[in-house]
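The next block holds one structure in the form of structure tokens; read it before the comments.
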Amino acid sequence: MRICLIEPFYTGSHKRWADELASRSRHEIDILSLPGRHWKWRMHGAAITLAREFSSKNQRYDLILASDMLDLTVFLSLLRREISQTPVALYFHENQLLYPWSPRDADTKKGRDLHYAFINYTSALAADKLFFNSDYHRTAFLAAIPEFLTRYPDFENKETVPQLEAKSQTLWLGMDLKAFDTHHCPNRGTQSERPLIVWNHRWEYDKNPIGFFRILYHLMERGIDFDLALLGESFEEAPPYFVEARERLGSRIVHYGIAEQFSDYATWLWKADIALVTSNQDFFGGSVVEAIYCGCHSILPNRLAYPNHINISQNQSNFYKSESDAVDLLEQWIKSKAWKKPSTLNEPVNRYDWSNLIASYDTEFKSLAMPARQIYPSI
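So for the sequence shown, the numbering used here puts the first residue at 1017; every next one is plus one.
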């Protein structure tokens, strides 16, 4: 079968997932995309641009697979004569109903942030199938819709929620975890008395770097020794709290900034002893899974998608409930030298490697290759 994968925000993890899926699937997958910038404009305008590009291809597809960054209602309306019989699936990497907005964003101050969530909602209504990258993401999105709809003056359409539930399914994010194996090296715990803590996320608000550094400052005040590798990408200038951290943590920082080559990034993860995570948003948490796979002892908040990856009841010492709890937990890990022992958490996340998931993807796509109207009734 032939599939058109539509990605309006073709960069980072979205691009990586699309490329890896296309290269591994037994189906033929064409990627229709736009550069990954100006995300708000992509959610508004990409549907128009991509609909025109789709039409110009003059190609029949057995399935259209779009990401959550596409306004699917606009896209489908512009192509209603061409693809009325083509099934459409929507893959949720994130959603704007639950995405934590920066208080500095002008749209939150003026109440315009709701519109992006509404695009996700109407796109979900228009799709024949909804795929989510984790169980947490699927249940959280569906649970958030009723309250979200109460923000409108009348005709709240809450009866649509069961229809969305009926066509929703978890399709775990596929990752090329085996690529890290080539760069395997012993972590520093075998050679050093100071644990290497790693940050390997975007340098942005939703990853809560302020909370991350606050925890480390408390450790410093308690006289706890550690080194720090600050990996990850900043799309603009380094945020002020990273600049401040560079000054306050000084020589403790052994790496500062993005690792340009994958080999460098992978090597840092294998070297690291502890991955401290403070994110306010992770619908799956790819960077966290990468750190776990590479043997980092992960200190995680007891929320979001992390309990999907690691069994809490069997690994309580890896989870914290509050910032102060995280400080105490980290102090315990470091003083007890527990970070020197090999991690046992990497085996469970191996299931996200494409070698273990691609067959499920292909089967799901094949099951959708029928006229859309035969899959689910209209709203």
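Glycine residues also receive a C-beta, built at the ideal position from the N, C-alpha and C atoms.
{"Asked": "Residue 1325 beta carbon less than 8 Å from that of residue 1358", "Found": "no"}
{"Asked": "Cβ contact (3+ pairs, closer than 8 Å) linking the segment 1039-1052 and the segment 1098-1105", "Found": "no"}
{"Asked": "Cβ pair count under 8 Å reaching 3, the segment 1141-1156 against the segment 1290-1301", "Found": "yes"}
{"Asked": "Rounded C-alpha distance that separates residue 1139 from residue 1201", "Found": "45 Å"}
{"Asked": "Buried or exposed (CB count within 10 angstroms, at least 16 for buried), residue 1064", "Found": "exposed"}
{"Asked": "The segment 1278-1291 touching the segment 1172-1182, judged by at least three CB pairs closer than 8 Å", "Found": "no"}
{"Asked": "Closest Cα partner of residue 1088 within the set 1213, 1321, 1134 and 1313", "Found": "1134"}
{"Asked": "Where the beta strand (DSSP E) containing residue 1082 begins and where it ends", "Found": "1079-1083"}
{"Asked": "Simplified DSSP state of residue 1048, which is helix, strand or coil", "Found": "strand"}
{"Asked": "Sequence-distant residues of the same chain with beta carbon closer than 6 Å to residue 1112, five excluded per side", "Found": "1132, 1133 and 1136"}
{"Asked": "Backbone CA spacing between residue 1233 and residue 1340 [nearest angstrom]", "Found": "12 Å"}
{"Asked": "Every unbroken alpha helix (DSSP H) inside the segment 1259-1329 [4 residues or more]", "Found": "1278-1287, 1302-1309 and 1322-1325"}
{"Asked": "Residue from 1077, 1109 and 1257 with nearest C-alpha to residue 1156", "Found": "1109"}
{"Asked": "Separation of residue 1370 from residue 1192, as counted between CA atoms", "Found": "6 Å"}
{"Asked": "Given residue 1027 as reference, the closest of 1050, 1277 and 1168 once Cα atoms are compared", "Found": "1050"}
{"Asked": "Per-residue DSSP class, three states only, for residue 1188", "Found": "coil"}
{"Asked": "Three-way DSSP call (helix, strand, coil) for residue 1213 in this model", "Found": "strand"}
{"Asked": "Secondary structure, alpha helix (DSSP H): runs of 4+ residues fully inside the segment 1354-1381", "Found": "1362-1365"}
{"Asked": "N- and C-terminal bounds of the beta strand (DSSP E) containing residue 1022", "Found": "1018-1026"}
{"Asked": "Residue 1322 beta carbon less than 8 Å from that of residue 1316", "Found": "yes"}
{"Asked": "Own chain residues within Cβ distance below 7 Å of residue 1318, not counting five before or after", "Found": "1328, 1335, 1336 and 1337"}
{"Asked": "DSSP-derived helix/strand/coil call for residue 1196", "Found": "helix"}
{"Asked": "Bridge partners - residue 1105, DSSP secondary structure assignment", "Found": "1081 and 1145"}
{"Asked": "Residue 1017 vs residue 1078 beta-carbon contact at 8 Å", "Found": "yes"}
{"Asked": "Start-to-end residues for the beta strand (DSSP E) that takes in residue 1246", "Found": "1243-1246"}
{"Asked": "As assigned by DSSP and simplified to three states, the class of residue 1168", "Found": "coil"}
{"Asked": "For residue 1185 and residue 1147, believed in contact at Cβ under 8 Å, the rounded distance", "Found": "6 Å"}
{"Asked": "Alpha-carbon to alpha-carbon, residue 1210 and residue 1264", "Found": "18 Å"}
{"Asked": "CB contact flag (residue 1114, residue 1160, <8 Å)", "Found": "yes"}
{"Asked": "7 Å Cβ shell around residue 1223 - same chain, five flanking residues per side excluded", "Found": "1217 and 1295"}
{"Asked": "Euclidean distance between Cα positions of residue 1047 and residue 1373", "Found": "20 Å"}
{"Asked": "Candidates 1182, 1195 and 1215, of which the one nearest residue 1250 by Cα", "Found": "1215"}
{"Asked": "With 16 other Cβ atoms within 10 Å as the buried cut-off, status of residue 1162", "Found": "exposed"}
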